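**Student:** The following block contains the structure, expressed as structure tokens.
2 protein chains.
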Amino acid sequence: MDISQYMEALGRSAREASRLVAASSTAVRNSALLASRDALDNARAELADANAQDLERGRANGLSAPLMDRLELTPARIDSMLEGLSQVAALADPVGSISDLKYMPSGIQVGRMQVPLGVIGIIYESRPNVTVDAASLCLKSGNATILRGGSEALASNCAIAACLKQGLRSAGLPEAAVQVVDTRDRAAVGKLITMPEYVDVIIPRGGKSLIERISADARVPVIKHLDGVCHVFIDDSADEEMALNIAINSKTQRYGTCNTMETLLVAQARAAQVLPRLAARYGELGVELRGCSQTREVLPEITHATEQDWYEEYLGPILSVKVVAGLDDAIAHINTYSSQHTDTIVTSDHGHAMRFLREVDSSSVMINASTRFADGFEFGLGAEIGISTDKLHARGPVGLEGLTSRKYVVFGEGQVRR
Amino acid sequence: MDISQYMEALGRSAREASRLVAASSTAVRNSALLASRDALDNARAELADANAQDLERGRANGLSAPLMDRLELTPARIDSMLEGLSQVAALADPVGSISDLKYMPSGIQVGRMQVPLGVIGIIYESRPNVTVDAASLCLKSGNATILRGGSEALASNCAIAACLKQGLRSAGLPEAAVQVVDTRDRAAVGKLITMPEYVDVIIPRGGKSLIERISADARVPVIKHLDGVCHVFIDDSADEEMALNIAINSKTQRYGTCNTMETLLVAQARAAQVLPRLAARYGELGVELRGCSQTREVLPEITHATEQDWYEEYLGPILSVKVVAGLDDAIAHINTYSSQHTDTIVTSDHGHAMRFLREVDSSSVMINASTRFADGFEFGLGAEIGISTDKLHARGPVGLEGLTSRKYVVFGEGQVRR
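Chains as they are written, first to last, in our numbering: chain U, 1 to 418; chain E, 419 to 836.
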């Protein structure tokens with residue numbers, strides 16, 4: 001069987017399984033999640049064996065130390081997968097909820113019902129725990145999944161999938177509701193993203209280049225998250241302590257996350273006062289600053305930011321700093337250079353706050369809060385499969401709701417059109 | 419300037435204009451709509467001249483009579499464009515509304531704000547009134563539009579656009595918020611659908627082949643409506659008079675619309691009683707029936723339906739009829755052959771009604787109502803730019819809400835992450 005036929009077989013069985021999962025009850029899907037948890041718990045030895053194979057292969061292939069670390073399934077990581085399954089089982093079921101039900105002049109009642117998307121393809125890199133996270137959120141929301149993990153984690157992913165299939169079976173659901181692509185052949189991805197008859201949406205999780213490649217070639221909608229070039233703007237009227245706290249927290253609470261601030265904008269009127277205090281704090285924390293000419297008038301010791309710096313997602317202890325004339329200038333800068341992920345204003349001016357909220361064209365726009373809050377858990381979604389910087393369908397953190405769609409439902413009593 | 423440069427210039431100016439439109443107030447956008455109406459009313463002579471050019475060119479090119487009819491801008495059609503503008507101005511503004519605002523344990527308040535999509539590309543065929551309909555709905559929802567109408571209507575579309583631009587100007591909005599692609603070169607479409615940097619979504623309006631071609635080549639999300647293979651299922655427990663009324667209305671109230679029924683499913687237990695009565699009514703109305711073998715046992719005079727008939731959107735007085743074992747069989751048939759547009763069950767069994775509602779995977783699913791109700795106006799949307807058979811973003815009739823997206827907004831008081 002060639003790779004194309006193999007993927008089509010996977011797709012066809014996922015499509016069939018998706019109908020049964022969509023029609024299943026909340027209790028059945030929850031029991032599958034809890035049975036999967038127990039199966040994983042009972043399969044620790046098998047998981048360790050499979051993971052050891054992946055690690056050995058990784059060592060032989062000279063995988064880097066960080067990749068080897070991400071690949072490892074420690075007992076603590078297995079515990080956290082089990083805990084994750086319990087949490088997902090405990091979330092409210094989004095499927096089947098009907099909202100906005102209203103009578104129309106014709107007498108029919110029209111509303112919208114939350115329904116699963118169908119079959120979701122997930123493409124991700126090394127961490128095997130994503131297999132459990134993604135599969136469990138898709139199952140909870142009534143979808144079937146096809147998982148294509150990193151080839152270096154294939155044995156671990158297959159061992160995890162075996163446990164999930166056991167959970168599905170014990171709940172009376174089809175095993176094909178969760179399938180791992182069991183080949184290292186790269187052609188599998190190319191096929192997965194071009195089968196709209198079997199796959200409703202692709203969610204890639206990984207670096208920008210992976211996601212750009214997938215988006216360019218996909219014939220299926222892609223919920224994508226490219227990068228996080230996030231901004232904090234310190235407005236004329238900002239409370240100084242608040243501005244310092246938010247600017248420091250947004251940059252340094254964690255460097256490697258997509259909701260970390262990468263560019264700080266400071267209103268001209270506040271630059272002379274605020275920048276030296278900020279520079280001192282960032283200096284203590286080891287953050288390198290790169291500034292525009294006006295910033296360097298106040299902080300002559302820092303390097304000059306190039307045009308490229310305004311586009312940069314450093315994911316590390318580097319921050320570009322720009323002095324702007326005021327609100328308009330800040331919004332214009334953000335709408336030009338931001339990756340439309342998360343941007344914050346620190347202000348005490350109500351009008352400025354509301355204009356910023358409305359005019360900044362990003363997935364999450366904040367007033368007086370750290371960019372680090374842009375996260376499914378902090379936003380109360382209970383779960384997160386990713387953060388979308390797209391505009392259509394899902395924008396911002398994607399939880400269970402983002403894995404569903406809304407169809408129209410009509411309750412009539414025999415009405416016909418005149 | 420070549421076509422690619424021309425389209426990029428259009429895209430760039432649309433992108434700039436979209437920011438200003440998105441930031442404009444409800445009153446400003448409404449005044450642009452009303453000023454456009456007045457401009458069209460004052461330009462009846464110019465519109466007639468431009469339309470006469472198109473009609474003459476159409477005659478010279480041997481355009482078919484129906485196409486010539488659709489092309490003509492009669493005074494009544496201009497009146498209805500003016501009326502449409504007034505109606506759109508009177509609709510509630512979706513932009514900026516904030517919903518689901520809730521406090522989180524961290525103290526931040528998180529909600530979702532309705533925001534414009536940005537730049538919307540509309541690709542449509544002959545009717546020039548679509549230019550006004552589409553542009554006005556996009557403007558109302560805070561978007562910029564690039565309109566690519568049928569080449570046979572180019573002069574009319576440009577004359578209409580001139581009036582819309584006058585309306586925008588008089589309200590202080592950028593003229594580039596509404597642009598008509600002023601060339602007959604087909605390469606313009608190819609470029610329009612592959613400029614994700616300037617165009618956020620494409621809405622094609624036209625035949626299935628046009629839409630399939632655009633979807634296959636687009637590098638921008640497409641809100642698409644392929645076809646309407648709609649079903650009515652007469653369940654075991656259906657009220658007979660209600661079943662007859664809905665089956666007749668769904669097929670014959672209008673033949674050419676996408677929400678017209680194309681296949682009727684009848685539960686086995688009711689076939690012998692219901693089919694002859696239906697056949698008599700359809701016979702009077704001149705509807706040709708094509709049946710499965712079981713249907714033909716009751717109605718031996720009708721032709722045999724082929725496998726292809728179950729996929730067919732007749733858009734005319736032809737109906738395929740199938741006898742099914744019951745609910746499960748009906749749902750299976752619909753989920754196999756339906757175009758996921760609109761499907762109805764006629765039943766008095768509550769359990770069957772609710773299972774049908776949940777398990778039929780279509781954009782609009784109805785109980786005891788004619789399929790002909792699947793329409794933005796009948797659903798209370800106040801307007802309709804199209805009907806989507808997609809799952810992501812918009813499903814079913816697309817009104818102003820479907821031209822917007824929801825971003826997350828956060829109200830803080832200085833919170834940072836711990």
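Glycine included, C-beta positions come from ideal geometry on N, C-alpha and C.
From a predicted model like this one, the values you see are computed outputs, not experimental measurements.
1) With a floor of 3 residues, list each beta strand (DSSP E) that falls wholly inside the segment 723-768 of chain E, ordered by position along the chain.
2) Lys140 (chain U) versus chain E: which residues are under 7 Å apart at the beta carbon?
3) Based on the DSSP output, what are the partners of Gln114 (chain U) in its beta bridges?
4) Please confirm whether Ala441 (chain E) has its beta-carbon closer than 8 Å to some beta-carbon of chain U.
5) Is there a C-beta anywhere in chain E that falls below 8 Å from the one on Ser405 (chain U)?
6) Indicate whether at least one CB of chain E lies closer than 8 Å to the CB of Gln53 (chain U).
7) So, is the C-beta of Gly206 (chain U) closer than 8 Å to a C-beta in chain E?
8) Taking Ala787 (chain E) as the query, report the chain U residues whose CB atoms sit under 7 Å from its CB, ordered along the chain.
9) Using a Cβ-Cβ cutoff of 9 Å, what residues of the segment 637-654 of chain E are near chain U? List them in chain order.
10) I need the straight-line Cα distance from Tyr408 (chain U) to Gln294 (chain U), nearest angstrom please.
11) Under a CB-based cut-off of 8 Å, is Leu392 (chain U) close to chain E?
12) Going along the chain, which residues of its own chain have a beta-carbon closer than 8 Å to the beta-carbon of Ser80 (chain U), five neighbours each way excluded?
13) What residue range is occupied by the uninterrupted beta strand (DSSP E) comprising Asp518 (chain E)?
14) Measure the C-alpha to C-alpha separation of Asn786 (chain E) and Met772 (chain E) and round it to an integer number of angstroms.
15) Are the beta-carbon atoms of Ala383 (chain U) and Val88 (chain U) separated by less than 8 Å?
16) Compare the beta carbon distance of Tyr542 (chain E) and Arg475 (chain E) with 8 Å and say whether it is the shorter of the two.
17) Taking 8 Å as the threshold (beta carbon to beta carbon), is Phe797 (chain E) in contact with chain U?
18) Just the Cα atoms here: how many angstroms apart are Ser362 (chain U) and Pro639 (chain E)?
19) Taking C-alpha atoms, which residue in U:Val115, U:Gly207 and U:Arg19 lies nearest to Val783 (chain E)?
20) For Leu55 (chain U), I'd like the list of residues in its chain whose CB is within less than 8 Å of its CB, leaving aside the five on either flank, ordered along the chain.
21) Report yes if the C-beta of Ser757 (chain E) is less than 7 Å from at least one heavy atom of the ligand ATP; otherwise report no.
22) Give me the Cα-Cα distance between Asp327 (chain U) and Leu438 (chain E), rounded to the nearest whole angstrom.
23) What does DSSP give as the partner residues of His231 (chain U) in its beta bridges?
24) Can we say the segment 518-529 of chain E touches the segment 556-565 of chain E, given the rule of at least three CB pairs closer than 8 Å?
25) Does any residue of chain E bring its CB to less than 8 Å from the CB of Gln253 (chain U)?
26) Are the CB atoms of Ile234 (chain U) and Ala267 (chain U) nearer to each other than 8 Å?
27) Taking 8 Å as the cut-off, does the segment 795-811 of chain E touch the segment 419-438 of chain E (at least 3 CB pairs, one atom from each stretch)?
28) Between the Cα of Ile578 (chain E) and the Cα atoms of E:Arg545, E:Val716 and E:Val834, which residue gives the shortest distance?
29) For a test of the three-state rule: what should DSSP assign to Gly568 (chain E), helix, strand or coil?
30) Express the C-alpha separation of Arg77 (chain U) and Ala595 (chain E) in angstroms, rounding to a whole number.
31) Over what stretch of residues does the alpha helix (DSSP H) that includes Met7 (chain U) continue unbroken?
32) Do the CB positions of Ser431 (chain E) and Leu503 (chain E) come within less than 8 Å of each other?
33) Please determine, among E:Arg699, E:His643, E:Asn663 and E:Ile749, the residue with the shortest C-alpha to C-alpha distance to Leu683 (chain E).
34) Can you pull the chain E neighbours of Arg372 (chain U), defined as C-beta to C-beta under 8 Å?
35) For Glu359 (chain U) and chain E, any beta-carbon pair shorter than 8 Å?
36) Alpha carbon to alpha carbon, what distance is there between Glu241 (chain U) and Ile248 (chain U)?
**Tutor:** Well, looking at it:
1) 736-742 and 760-764
2) By Cβ distance, chain E contributes nothing, its closest Cβ being about 16 Å from Lys140 (chain U), past 7 Å.
3) The secondary-structure analysis by DSSP pairs Gln114 (chain U) across a beta bridge with U:Arg406.
4) yes
5) yes
6) no
7) So, not an interface residue.
8) Ile108, Val410, Gly412 and Gln415
9) Arg637, Pro639 and Ile641
10) 55 Å
11) Yes, Leu392 (chain U) counts as interfacial toward chain E.
12) Asn129
13) Ile516 to Tyr521
14) 12 Å
15) yes
16) no
17) yes
18) 18 Å
19) U:Val115
20) Same-chain partners within the cutoff: Met68, Leu71 and Glu72.
21) No copy of the ligand ATP appears in this structure; indeed no ligand is present at all.
22) Correcting the residue type first, residue 327 (chain U) is Leu in the shown sequence and not Asp. Straight-line measurement puts the Cα of Leu438 (chain E) at about 15 Å from the Cα of Leu327 (chain U).
23) Bridge partners of His231 (chain U): U:Thr263 and U:Asp343.
24) no
25) yes
26) yes
27) no
28) E:Arg545
29) In the structure shown, Gly568 (chain E) sits in coil (DSSP, three-state: anything other than H, G, I, E or B).
30) 52 Å
31) Ile3 to Ala23
32) Judged by their CB atoms, Ser431 (chain E) and Leu503 (chain E) are not nearer to each other than the 8 Å cut-off.
33) E:Ile749
34) Val834 and Arg835
35) yes
36) 11 Å
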